[in-house]
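First the structure, in the form of structure tokens, and then the observations on it.
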Amino acid sequence: MSTAERGAYGTRNYSDTVALRVTDPALIPTQRGPEPEEAAPAPARKPGRDRYLDLLRALALVRVVVYHNFSWTWLPIVFPSMGVMFALAGSLMVRSLNRPALSVIRGRLRRLLPPMWLFGAVVVPLMLWQGWRPDAAHHPDWWWADLAYWVLPFSEPPFGATLHTFGGHLPSSWAEQICVPLWYLRAYLWYVLLSPLLLKAMRKLPWVTLLVPLVLAFVVNSGLVDQSGRLMEAATDFTTFGSCWLLGMAHQEGLLRRIPQYIVPSVAPLVLMFGLWWLLRSPVDNPRIGHDLEAVPVAQAIWSFGAVLLLLHLSPSWEQWPKPLERFNGVISLLNSRAVTVYLWHSFALVLTEPLIDPLWNNSFLYDHAQWLLASQWTPLALAVPLICLAILLFGWIEDVAAKRSPRLFPYPGRSKGGRRRGR
12 MSTAERGAYG TRNYSDTVAL RVTDPALIPT QRGPEPEEAA PAPARKPGRD RYLDLLRALA
72 LVRVVVYHNF SWTWLPIVFP SMGVMFALAG SLMVRSLNRP ALSVIRGRLR RLLPPMWLFG
132 AVVVPLMLWQ GWRPDAAHHP DWWWADLAYW VLPFSEPPFG ATLHTFGGHL PSSWAEQICV
192 PLWYLRAYLW YVLLSPLLLK AMRKLPWVTL LVPLVLAFVV NSGLVDQSGR LMEAATDFTT
252 FGSCWLLGMA HQEGLLRRIP QYIVPSVAPL VLMFGLWWLL RSPVDNPRIG HDLEAVPVAQ
312 AIWSFGAVLL LLHLSPSWEQ WPKPLERFNG VISLLNSRAV TVYLWHSFAL VLTEPLIDPL
372 WNNSFLYDHA QWLLASQWTP LALAVPLICL AILLFGWIED VAAKRSPRLF PYPGRSKGGR
432 RRGR
């Protein structure tokens with residue numbers, strides 16, 4: 012799978028800072044004679060959203076959707092979305108781990124799992140309806156037990172690789188295409204469970220801990236290790252994106268800010284060049300599309316590490332949008348509020364564009380004058396966008412319920428009295 016895009020990926024937690032003031036007059040000592048007033052300390056301000064991180068998350072989601080529509084192999088090189096999403100999730104995890112670890116893990120799972128359960132409640136019955144049954148890879152007595160991965164995705168939830176096609180309206184691989192994003196939830200779950208240990212290791216041996224996943228990526232993909240089986244799926248995810256998750260944790264801990272300013276811009280390009288070299292020297296699975304970063308785990312791990320290192324090094328802390336970006340506040344806020352929904356359902360939307368486009372070929376006017384439009388790869392994307400918005404309306408409310416907020420159908424920020432949009 013490429014992705015994938017849906018987290019994702021969770022909703023962000025922000026801790027409140029409370030300013031304590033002495034308000035009881037009996038506790039204020041009286042003084043004889045006039046004394047110069049001592050400046051009262053400013054009350055601590057409630058931290059707002061970091062708009063730079065919101066921008067990165069929104070760009071990552073858009074890139075995932077575009078990549079799954081066009082399959083442009085250069086897109087993961089321009090912007091490695093999955094590494095960025097894991098880094099942002101790692102950063103947010105550290106913000107929460109000042110509380111007891113078990114409560115933090117429970118809170119993260121509460122935000123992650125209900126959107127997946129709702130997704131499974133739609134997809135699993137559709138697969139069963141279209142002929143999904145035990146296959147040669149599963150013992151009939153245990154096949155149903157694999158459905159437990161739709162409840163807790165310790166491994167990738169099972170799906171039908173080849174199914175009936177709803178009367179020929181969908182390709183036989185429709186379920187496989189729809190379930191592409193599920194690997195991300197599997198990886199996210201393991202990172203959340205391991206985060207308390209990862210944070211302790213990073214605080215004790217920061218640079219060693221940051222590099223361990225990269226070293227393991229070389230070992231796992233050396234050909235000396237059997238990569239078959241569900242355990243190795245999780246191991247491959249960890250070694251490919253573990254350093255990105257740890258970079259997010261290091262960023263939140265302030266570790267990256269302690270590096271001299273010239274180090275990261277000097278080292279990161281060398282890391283990127285090494286990742287690109289590893290990609291170009293790797294065998295090509297499909298000569299038609301050429302080298303694909305997402306098909307070479309070691310190259311993806313190196314490239315994502317270098318790119319995320321640069322992006323977090325820049326890391327301007329935007330409590331307010333810069334002027335050129337203010338106009339995009341609405342869509343960026345919406346994508347951040349519904350990140351898991353967009354990530355999970357975008358592949359479903361792309362698959363549904365096929366039965367919408369195919370009948371148009373039977374229209375004589377469109378066939379004679381607009382074949383270029385029907386054959387264009389931009390047409391499915393144009394149809395998928397309103398379908399994704401429909402998914403936000405139908406299923407996005409589950410993210411509010413999971414976060415213990417009042418459900419909202421379409422959390423597009425309104426305008427404040429001053430005329431500027433209010434971010435959420």
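In this note's numbering, each number is its position in the sequence shown, counted from 1, plus 11.
Each residue gets a CB set at the ideal place from its N, CA and C atoms; glycine is no exception.
Hey, quick one: how far does the alpha helix (DSSP H) through residue i stretch, first residue to last?
i: C255; result: 241 to 264
i: Q331; result: Here Q331 belongs to no alpha helix (DSSP H), and DSSP marks it neither H nor E.
i: V153; result: The amino acid at residue 153 is misidentified as Val; the sequence shows Trp. Per DSSP, W153 belongs to no alpha helix (DSSP H) and is neither H nor E.
i: G234; result: It is not in any alpha helix (DSSP H) - G234 carries neither H nor E in the DSSP assignment.
i: G301; result: Careful: G301 lies outside any alpha helix (DSSP H) and carries neither H nor E.
i: K215; result: 193 to 215
i: W383; result: 382 to 386
i: T352; result: 350 to 368
i: A98; result: 92 to 107
i: C400; result: 389 to 406
Under the assumption that residue i contacts residue j (Cβ atoms under 8 Å), give the Cβ distance between them as a whole number of angstroms.
i: A414; j: R122; result: 6 Å
i: A69; j: N347; result: 6 Å
i: A245; j: S315; result: A245 to S315, Cβ: 18 Å. No contact.
i: P418; j: W408; result: 4 Å
i: L174; j: A186; result: 5 Å
Buried or exposed, going by whether 16 or more other CB atoms sit within 10 Å of the CB of residue i?
i: H79; result: buried
i: E48; result: Bear in mind that the predicted position of E48 carries a pLDDT of just 41, short of 50, making it unreliable; the figure below should be weighed with that in mind. When all chains shown are included, E48 counts as exposed.
i: I39; result: Its pLDDT being 38, under 50, I39 is placed unreliably in this model, and the coordinates cannot settle the point.
i: E46; result: In this predicted model, E46 has a pLDDT of only 43, less than 50, meaning its place in the structure is not dependable; the value taken from the coordinates is given anyway. E46 comes out exposed.
i: V33; result: At V33, the pLDDT of 36 sits below 50, so the modelled position is not reliable; the number obtained from the coordinates is stated separately. V33 comes out exposed.
i: V105; result: buried
i: G94; result: buried
i: R117; result: exposed
i: N232; result: buried
i: F177; result: exposed
i: F81; result: exposed
i: R180; result: Inspection of the sequence shows that residue 180 is occupied by His rather than by Arg. So H180 counts as exposed.
i: S239; result: exposed
- Query: Do the region 162 to 172 and the region 212 to 221 make contact, defined as three or more Cβ pairs closer than 8 Å?
  - Reply: no
- State whether the region 328 to 335 contacts the region 390 to 410, with contact taken as three or more CB pairs (one from each stretch) at a distance under 8 Å. no
- Item | the region 85 to 99 touching the region 364 to 375, judged by at least three CB pairs closer than 8 Å | no
- Item | Touching by the beta-carbon criterion (3+ pairs, under 8 Å), the region 279 to 286 and the region 225 to 237 | no
- Message: Does the structure place the region 130 to 137 close enough to the region 289 to 302 that three or more beta carbon pairs sit under 8 Å?
- Response: no
- Query: Touch check for the region 261 to 276 and the region 301 to 310: three-plus C-beta pairs under 8 Å?
  - Reply: no
- Message: I want to know whether the region 366 to 383 touches the region 193 to 201 - three or more CB-CB distances under 8 Å.
- Response: Per the Cβ contact rule, the region 366 to 383 is not in contact with the region 193 to 201 (fewer than 3 Cβ pairs under 8 Å).
- Answer yes if the region 98 to 108 comes into contact with the region 384 to 402, meaning at least three C-beta pairs across the two stretches below 8 Å, and no otherwise. no
- Between the region 316 to 329 and the region 59 to 75, are three or more C-beta pairs nearer than 8 Å? yes
- Count the C-beta pairs between the region 253 to 262 and the region 208 to 215 that are closer than 8 Å, then say yes if the count reaches three, no if not. Contact holds: three or more Cβ-Cβ distances are below 8 Å.
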